[in-house]
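Visitor:
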Amino acid sequence: MGIILATEKDVEWINNQYKLAGFVPSDLKNEIVVIVTYNGKKAGVGRLVQIDKDNLEMGGIYILPAYRGHKLAQKLVSFLVQQARKADAPNVYCIPFENLGNFYKKYGFKKVDLQEDEIHETIIAKYNWCLQEYDKNVLLFRL
C-alpha cells in the first residue's frame, strides 16, 4: 500500500474513475489529488479541494471495486486528513454518503448543523448538488 501525489499524467485515469463513481472531475488546479496503490497498482483516489484560505473540501474518495476490503480507504482518508491539518484551514468539509457517516466520524468529522453553523456558499452549493445528483442520501461534515 502506498500513497502518491497525482500529476498531470494521472488526470485522465483519475477522471475515468470519477466518471464511474459519478463524481465531479479533477483538474489539479486548486486540488491535492492522491492515488492509493496496492501491490504497485493504482487502486483508489481522493482529493482536497482548496475553496479559499479558510475552507477545504475533502472528497472524491473512490476505491476501485477490485481493491475494496484492503483498508485502502482508511489509508487514503487518514493521509488527506493529515494534509488538511497541515494546511491549517479552519474549515475542512466532507460530503459523504450517509452509510459512510460512522467511517468519517473516526477521523474527527462531525455533522454540520445547517441551521446553526456558518457554511461557505460553495460547500452549500456542492451539498445541494449531491442531494439532487445521487440516489443515496449525503451528509455534510466538518473536521
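Residue numbers for the sequence shown follow the numbering used here, beginning at 6 and rising by one. No residue lacks a Cβ here, since even glycine has one placed at the ideal position from N, Cα and C.
For A130, count neighbouring Cβ atoms within 10 angstroms of its own Cβ and tell me buried if that reaches 16, exposed if not.
Guide: Exposed, because fewer than 16 other Cβ atoms sit within 10 Å of the Cβ of A130.
Visitor: Return yes when the Cβ of A48 is within less than 9 Å of the Cβ of L77, no when it is not.
Guide: Yes. Within cutoff.
Visitor: With distances taken Cα to Cα, identify the nearest neighbour of K91 among E17, P101, D59, C99.
Guide: Closest option to K91, Cα to Cα, is D59.
Visitor: DSSP state of A11, grouped into three classes?
Guide: Of the three classes helix, strand and coil, the one that applies to A11 here is coil, per DSSP.
Visitor: Identify, in the order they occur along the chain, each residue of the same chain with its Cβ nearer than 8 Å to the Cβ of I8, setting aside the five sequence neighbours on each side.
Guide: Cβ within range, chain order: V39, I40, V41, T42, K80, L81, F84.
Visitor: Whole angstroms is fine: what's the gap from N104's alpha carbon to A26's?
Guide: Approximately 16 Å, taken between the alpha carbons.
Visitor: Taking the alpha-carbon of G113 as reference, which of Q22, N20, M63 has the nearest alpha-carbon?
Guide: Checking every option, the nearest Cα to that of G113 belongs to M63.
Visitor: Can you tell me whether N96 is buried or exposed? The criterion is at least 16 other CB atoms within 10 Å of its CB, across all chains shown.
Guide: So N96 counts as buried.
Visitor: Hey, how far is the Cα of M6 from the Cα of G45?
Guide: Roughly 8 Å between the two C-alpha positions.
Visitor: Looking only at C-alpha atoms, which of E13, A94, V86, V54 sits nearest to N35?
Guide: Checking every option, the nearest Cα to that of N35 belongs to V54.
Visitor: Between the alpha carbons of G65 and V50, how many angstroms are there, rounded?
Guide: Their Cα atoms are separated by approximately 7 Å.
Visitor: How long is the line joining the alpha carbons of Q137 and H75, rounded to whole angstroms?
Guide: Distance between the alpha carbons of Q137 and H75 is about 31 Å.
Visitor: Cα-Cα, which of D57, A71, D140, R52 is closest to C99?
Guide: With distances taken between Cα atoms, C99 lies closest to R52.
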